[in-house]
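Note sheet for the following structure.
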Amino acid sequence: MTFLVFAFTCHFSLFNMSPPKDNLYQRAGIDSEAEFYRTKFVSDEVLDERYFKGLDRFDIRFARTLWVYDNVRAGSSVLDLGCGAGMLALLKRKGGTLTGVDISDECVISARRNGYDASYQAKLSQLPFPDASFDHVVSLDVIGHIDFEEKDAVLAEVKRVLRPDGVTLHGIECTDRSARKNYDEMEPEELRRFVEIDGHVGLEEEEEHAARFGRFFTNVAWEPRYALNLSSEEFLKQADQYGLPFEDDFLDYLRGLSHSERRAFDMAMGYVFNKISDLHIRLPKSGLYVLLKAANVPLGPFYNEHRDRSGLFSPDNRSELAGGSESEPVCLDRSPRVTFDDGWYEPNLLPPIARWMSRAGRVSFRSPRLSAISLDISTHLPDLGEKPLGLELFLNGTRLCALSLFRYGWLELRVPVPQSVSATDGGEFVLELRAERTWQPRPTKDETRDDRELSVAVCNIVIE
Amino acid sequence: MGVGILSEIMVDEEVENILAEIRDRVRSQELNASVNPVEENEKSDRVSLAPRKAVEKSANEVLARIDSYLTVTSRAWDRLPPLVSNRSGNIARIELWVKRQIKRASHWFTWEQVNFNAAAHHALRDTVEALTNYQQALEALRAEHDIQRSQLEETQVSLQTQREELHAERARFKAQEAQRATQVAAQRNEMDARLSEITREMRERIEHLQDEQRVCFKQLSLEATESAVMEDRARRQTEKMIAELRARLDQGKQ
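These protein sequence lines map, in sequence, to chains U and A. Okay, so the first sequence: first residue is 1 according to the working numbering, each after it adds one. Okay, so the second sequence: first residue is 1 according to the working numbering, each after it adds one.
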């Protein structure tokens with residue numbers, strides 16, 4: 001049977017432990033681990049919590065993040081071990097401080113750019129922090145990438161920097177030795193192919209992980225997860241790269257899904273995942289993935305120990321936007337009191353951080369004053385030279401302006417708001433943009449398929 | 001008598017033979033001259049060589065004639081003709097006697113004639129020899145001249161060939177130069193166009209980059225403003241909390 005291992009798209013680049021002479025990376029032909037992880041996992045993905053939409057809590061992509069989110073205490077200090085580009089940036093919504101550590105300087109920069117309070121480049125076995133510095137040490141998809149000889153050193157460091165009453169939380173890739181080959185049994189080429197996919201050189205069974213943590217912590221709890229719930233992208237990856245035996249017609253179906261259908265699939269999967277957690281349903285051992293919690297104090301519930309999701313939602317948008325002074329302009333892009341409706345796609349790359357709009361998009365906000373609105377608009381419509389893109393801007397249903405984009409690049413638009421509009425509706429506003437047409441960036445069936453219906457990218461929406 | 005007639009007949013035959021020989025030599029020379037191959041590329045020289053051939057021919061003829069004359073003089077340059085008669089008998093005797101008398105009587109005159117004949121013969125023979133020597137010298141000079149001429153002709157041909165080659169080379173160089181000039185002009189035009197294209201592309205990219213930078217800087221500016229607002233708010237809250245704590249402490253002390 002093909003070696004099957006569960007692996008998520010990693011958002012970290014890992015540790016820089018000086019490997020033993022014959023470590024698995026070298027055997028797999030990977031000379032520089034830092035370079036390997038940099039090229040594989042560093043991205044310009046926008047993970048900044050200020051761009052998180054409440055609805056995304058159901059997305060399977062954020063399922064592990066939400067498990068950590070629901071298990072860290074509000075206002076606590078958290079160390080993200082192997083932070084990558086900053087997949088746990090959402091923890092900032094629970095207050096406290098979020099620190100990242102990673103082997104790659106690029107990851108360190110990305111994490112900081114995504115909102116981490118601090119991030120450091122360091123080896124995971126030599127953390128640059130004093131003893132008992134953090135309430136929580138967390139990691140996602142990291143332990144499975146650590147060589148067996150180094151794991152204990154890393155866990156010892158985790159224990160050292162964790163406060164005595166702290167809790168450490170980890171999402172770890174696993175293997176099933178009864179069904180899969182050990183590393184020593186693999187042929188060199190087979191090993192190279194396997195490690196090259198995600199860099200997994202330290203896969204163990206669920207119990208082995210738990211036992212290893214048990215040598216450092218008095219209390220360890222773990223739950224096998226992700227056997228049932230995978231994103232559509234992960235299903236295809238597991239089938240294509242790790243050879244997991246999913247049904248062919250199901251895989252074909254997944255490959256044919258549009259962007260919005262994939263989003264719906266992932267939301268449903270995430271919803272089920274959350275429900276399994278909420279109902280404390282223990283899944284059978286899968287040999288794929290384990291969520292693990294450990295501490296030297298008695299552990300609370302495995303799920304939702306510190307559940308408080310109020311920070312995930314926009315505060316009551318009846319409360320006014322905060323400004324420094326009366327004349328201070330306010331940017332709507334990152335304000336938690338602003339709601340972007342489903343006409344907007346979440347920003348995905350930086351810089352600059354912009355939201356793509358479909359044919360129409362609305363932004364709801366409340367402000368005691370509104371004399372002008374400015375925003376930056378751009379488009380990548382392929383036929384813009386032949387046919388300009390018509391745009392209309394409405395505020396509370398009143399058309400403020402109409403314009404045509406006829407060149408690429410950013411257009412800085414500033415529209416004064418008539419007093420007749422700004423003085424109405426008690427300070428509640430709905431800004432709406434309408435585009436006359438859309439296009440699909442890459443609608444064909446390939447790995448980079450993007451069949452979103454896009455019109456314009458918008459950012460820096462500032463009200464004065 | 002009989003001997004005299006016989007010797008006269010022999011002299012005639014000898015003269016005939018010499019004349020026949022002279023004729024054959026002249027014919028053979030004419031034939032040689034007529035069958036002498038002339039190269040195609042020497043057609044132009046034929047005109048200039050014709051007078052020389054004619055002169056050679058004439059000189060040879062003259063020498064041949066002189067030779068033929070010398071055969072006559074060599075035969076009787078040192079004596080008078082023999083006394084012979086075509087008659088017989090007494091008449092012949094009378095005739096020979098008369099002739100003998102006449103010969104004897106005219107000896108003072110005929111002897112001088114013989115001397116003159118001898119002198120003329122020797123002069124002619126020496127002249128022929130000298131002319132022959134001159135002719136041989138001329139032949140040698142001519143041969144040498146011909147060799148030099150042929151060398152000169154070869155040189156001329158070579159020079160002509162070289163000149164033609166040089167002309168061809170120059171034409172080729174001119175063609176290449178023209179072609180290169182065309183290529184250079186085309187390349188220059190292409191480079192100019194490419195440069196313009198690159199300049200335009202660079203300008204567009206710079207504009208695009210500046211555009212992106214403007215948006216990014218604006219985002220940073222807004223973020224900095226937000227951070228300042230948040231910091232200010234946090235500072236105020238902290239100060240408020242400190243004031244409250246201080247107030248509580250004061251209350252506690254009281």
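Each residue gets a CB set at the ideal place from its N, CA and C atoms; glycine is no exception.
Helix, strand or coil at residue i according to DSSP, with G and I counted as helix
i         : result
A:Glu-164 : helix
U:Ser-374 : strand
U:Gly-166 : strand
U:Lys-406 : Reading the sequence as shown, one finds Phe at residue 406 of chain U and not Lys. Note: U:Phe-406 maps to coil in three-state DSSP.
U:Ser-364 : strand
U:Asn-460 : strand
U:Lys-387 : coil
U:Thr-339 : strand
U:Asp-141 : coil
A:Ile-94  : helix
U:Pro-224 : strand
U:Arg-442 : strand
U:Glu-412 : strand
A:His-208 : helix
U:Val-108 : helix
A:Trp-272 : Residue 272 of chain A falls outside the range modelled here, since chain A spans only 1 to 254, and no answer is possible.
U:Gly-202 : coil
U:Ile-505 : Chain U is shown only over 1 to 464; residue 505 of chain U falls outside these bounds and no answer can be derived.
U:Lys-293 : strand
U:Phe-250 : helix
Contacts that residue i makes with chain A (C-beta to C-beta distance below 8 Å)
i         : result
U:Arg-282 : Those do not exist, as U:Arg-282 stays about 42 Å from chain A at its closest Cβ, beyond 8 Å.
U:Gly-409 : Glu-207, His-208, Asp-211
U:Asn-460 : Val-215, Lys-218, Gln-219, Leu-222
U:Glu-328 : Thr-225, Val-229
U:Ile-353 : Gln-219
Minimum Cβ-Cβ distance from residue i to chain C less than 7 Å
i         : result
U:Asp-376 : Checking the listed chains, one finds no chain C in this structure; the protein chains it contains are U and A.
Cutoff 7 Å: residue i Cβ touching any chain A Cβ
i         : result
U:Asn-317 : Residue confidence is low: U:Asn-317 scores 47 on pLDDT, short of 50, so the model does not pin down where it sits. Its coordinate-derived value is still stated next. Answer no: the Cβ-Cβ gap between U:Asn-317 and chain A never drops below 7 Å.
U:Cys-331 : yes
U:Glu-464 : no
U:Lys-21  : Because U:Lys-21 sits at a pLDDT of 45, beneath the cut-off of 50, its placement in the model cannot be relied upon, and the following sentence gives the value as read from the coordinates. Not closer than 7 Å to any Cβ of chain A, the Cβ of U:Lys-21 fails to qualify, so no.
Residue i versus residue j - alpha carbon distance
i         : j         : result
A:Arg-248 : U:Leu-370 : 42 Å
U:Leu-140 : A:Asp-250 : 49 Å
A:Leu-80  : A:Ala-20  : 26 Å
A:Val-184 : A:Gln-176 : 12 Å
U:His-172 : U:Asp-152 : Residue identity differs from the one stated: residue 172 of chain U is Ile in this sequence, not His. Those two C-alpha atoms are separated by around 15 Å.
U:Val-458 : U:His-380 : 12 Å
A:Asp-78  : A:Trp-111 : 9 Å
U:Trp-67  : U:Val-46  : 20 Å
U:Asp-365 : U:Ile-146 : In the sequence as presented, Asp is not what sits at residue 365 of chain U; that position holds Phe. Their Cα atoms are separated by approximately 46 Å.
A:Gln-219 : U:Ser-422 : 25 Å
A:Ala-171 : A:Ala-64  : 58 Å
U:Asn-16  : U:Thr-398 : Per-residue confidence for U:Asn-16 stands at a pLDDT of 39, beneath the threshold of 50, marking its modelled position as unreliable; no derived number is given.
U:Asp-252 : U:Leu-91  : 36 Å
U:Asp-342 : U:Gln-26  : 47 Å
U:Asp-278 : U:Glu-189 : 43 Å
Where residue i meets chain A, residues with beta-carbon distance less than 7 Å
i         : result
U:Arg-61  : Those within 7 Å of U:Arg-61 in chain A number zero; the least Cβ separation is about 24 Å.
U:Arg-38  : Simply none; closest approach about 23 Å.
U:Arg-366 : Within 7 Å Cβ-Cβ: nothing; U:Arg-366 doesn't reach chain A, min ~17 Å.
Beta-carbon neighbours of residue i, restricted to chain A and to distances below 9 Å
i         : result
U:Arg-369 : Simply none; closest approach about 16 Å.
Mind listing which residues of the stretch 216 to 227 of chain A have their C-beta closer than 8 Å to chain U's C-betas, in chain order?
Cys-216, Lys-218, Gln-219, Leu-222, Glu-223, Thr-225, Glu-226
Listed from N- to C-terminal order along the chain, which residues in the stretch 177 to 196 of chain A have their beta-carbon within a distance smaller than 7 Å of any beta-carbon of chain U?
none
Please name the residues in the stretch 63 to 95 of chain U whose beta-carbon is closer than 8 Å to at least one beta-carbon of chain A, in chain order.
none
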